[in-house]
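What follows is a short report on a single structure.
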């Protein structure tokens, strides 16, 4: 499965008040003191704090400071997702996509991916784009797929950058634009994608040849 959760760093709460109990939980977790972190997260979670609910769920999921409690973890994860925490929404989408301790449901996966994607969660943007691209849990819609892959690409996702490049090159979901295709292949290549580097080189040659042929 693609689930590898870590507690969200406190910096994501910039501009918001951090409850003392939650701050103590984070500090204990950072020190590896899971026995102390777990009840502190639980106390904050019970007060309705989505970030604490997510982190408490992840500790239960992994069995940190307690035995593994996956069903209970899902309950708290859902509370955090209902509280509009994007990472929790994305994680819940993964559970539905894979049928892990919830009934497997691609429509439910798409629902949660979309909510997280709308909040700017890059991995969720890639996931919801894939749902539209495949027609899995959503109607097959290349325009929507292109839209969300582009947002993920702009967020730095190298796989999305490559896919966006191919969509511009072929005119899938958006008008064909070889210059934009080259730009996104180049962006992916700069992040170390060897296939993108080859496509950027080949497409760059095509564009140069086309430019030379158009000159009088």
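Residue numbers (mature numbering (1 follows the signal peptide of the UniProt record, and there is no 0)): -19 to -1, 1 to 197.
A virtual CB, placed ideally from N, CA and C, is assigned to each residue, including glycine.
By how many angstroms is the C-alpha of residue j removed from the C-alpha of residue i?
| i | j | result |
| --- | --- | --- |
| residue 159 | residue 152 | 9 Å |
| residue 170 | residue 24 | 46 Å |
| residue 161 | residue 124 | 16 Å |
| residue 11 | residue 65 | 25 Å |
| residue 18 | residue 83 | 26 Å |
Quick one: residues in its chain with C-beta nearer than 8 Å to the C-beta of residue i, no 5 flanking neighbours on either side, listed in chain order?
| i | result |
| --- | --- |
| residue 129 | 98, 106, 107, 109, 110, 113 |
| residue 115 | 121 |
What residues in its chain sit with their C-beta under 6 Å from that of residue i, if we drop five residues either side in the sequence?
| i | result |
| --- | --- |
| residue 145 | 130, 131, 134, 165 |
| residue 45 | 15 |
| residue 191 | none |
| residue 89 | 77 |
| residue 103 | 133, 136, 138 |
Assign residue i to one of three DSSP states: helix, strand, or coil.
| i | result |
| --- | --- |
| residue 51 | helix |
| residue 66 | coil |
| residue 174 | coil |
| residue 60 | helix |
| residue 167 | helix |
| residue 44 | coil |
For residue i, which residues in the same chain have their Cβ closer than 7 Å to its Cβ, ignoring the five residues on either side in sequence?
| i | result |
| --- | --- |
| residue 58 | 35, 38, 69, 72, 73 |
Complete runs of the alpha helix (DSSP H) confined to the region 15 to 40 [at least 4 residues]
15 to 27
Secondary structure, alpha helix (DSSP H): runs of 4+ residues fully inside the region 78 to 160:
87 to 98, 103 to 115, 123 to 135, 139 to 151
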